[in-house]
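Read through the structure below, which is laid out as structure tokens, and then see the notes.
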Amino acid sequence: MNSLLSIIFFIYFHFLLTMTKPTLTLEPACKTHCGPLEVKYPFGTGPGCGSPRFHPYVACSPDGAQLLLTTHTGSYPVTSISYTDSTLTISPPCMSNCTSMQPAPPKFGLDWAGPFQLGSSTFILLACSSSTIKGNPICDPSSAYLCPSIYTCPGVVSLRLPLFPPTNSCCVYSPANLDPNFELDIRELKCGGYTSVVSLGDLPTDPGQWLYGVALKYTLGGLDSYNIAPSCRACEMSGGVCGRFAAGNFGNFCFLHSNLTE
Ligand SMILES: *[C@@H]1O[C@H](CO)[C@@H](O)[C@H](O)[C@H]1NC(C)=O
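Numbered by mature numbering (1 follows the signal peptide of the UniProt record, and there is no 0), the letters in the sequence shown go through residues -25 to -1, 1 to 237 in order.
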């Protein structure tokens, strides 16, 4: 009788354990990749991953398909990261390029308190009123040759321009600065759209070959670079992902796959 009871208890507890196991298994909270991008410190794929200074701005989309930079003006897919140069490139969905031109939303902006600044890409303002262009010091005459090139793209008609429009509605804004609200205010500049070019490739006259995107520089805070980062590098070299326990600065934690899967 006693042994029957213990068998029943054994089965019952075994059942309980197997039933609750799925909730005990941790989903890998911090991942090494998001879509095609490798995500390393200071970036993280979600809450508690990477540096707390970067987390409110950069995270993997809920479906895991793309890394997103989110600011007060919108969410922008990250298309590349250079960890050695501390730069990343984003592709704002409403930015024009040669194959697809579109009226831009009024503003592109970064967050004042965030670790990002404009990098070295070249902004070209499109479909601007002549008052923007005439004698305006923001338009860089030495890069004005980019205007006739970008205006050969048939997509200009989507900006309500004629084919091969006169280039006096185009302004190469270089070096670009964000306004005091940390924004590039397209409407305020009286333009209809914009593009940003990361690299001209081999042919400055072939806008179909240019690499489009907005390059951003990021800065590591003192805490990131002196305390946390070296141990994170060690963590990443051992195949882990660097993150923190939620809520607070209890130091960082190396999420290894052995921690996560069992
Ligand atoms: C051009 O912009 C469209 C719309 O944002 C995007 O789907 C496409 O991938 C871009 N093409 C290039 C070459 O960047």
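Glycine included, each C-beta is placed from N, C-alpha and C at the ideal position. Model, not experiment: these values are computed from the prediction.
DSSP, read as helix, strand or coil, puts THR194 in coil. Each residue's CA atom was taken as its position, placing CYS24 and PHE230 some 9 Å apart. GLY196 and ASP160 have their C-alpha atoms spaced approximately 28 Å apart. Taking every protein chain shown into account, the CB of THR64 has 16 or more other CB atoms within 10 angstroms, so this residue is buried. For CYS122, the enclosing alpha helix (DSSP H) begins and ends at 121 to 125. Under the three-state reduction of DSSP, ALA34 is assigned to strand.
Around the C-beta of ALA88, fewer than 16 other C-beta atoms lie within 10 Å, and the residue is accordingly described as exposed. In its chain, beyond the 5 residues on either side, LEU85, LEU191, TYR193 have a beta carbon closer than 6 Å to the beta carbon of PHE91. Counted as a single uninterrupted DSSP element, the alpha helix (DSSP H) harbouring SER106 occupies residues 105 to 108.
Counting the other Cβ atoms within 10 Å of the Cβ of TYR169 gives 16 or more, which makes it buried. With a threshold of 7 Å, the Cβ atom of PRO68 counts as near ligand 1, since some heavy atom of the ligand is closer than that. Assigned with DSSP and collapsed to three states, VAL173 falls in strand. Per the coordinates, the alpha-carbon of VAL131 lies some 13 Å from the alpha-carbon of ILE99. In the displayed model, GLY130 falls within a helix according to three-state DSSP.
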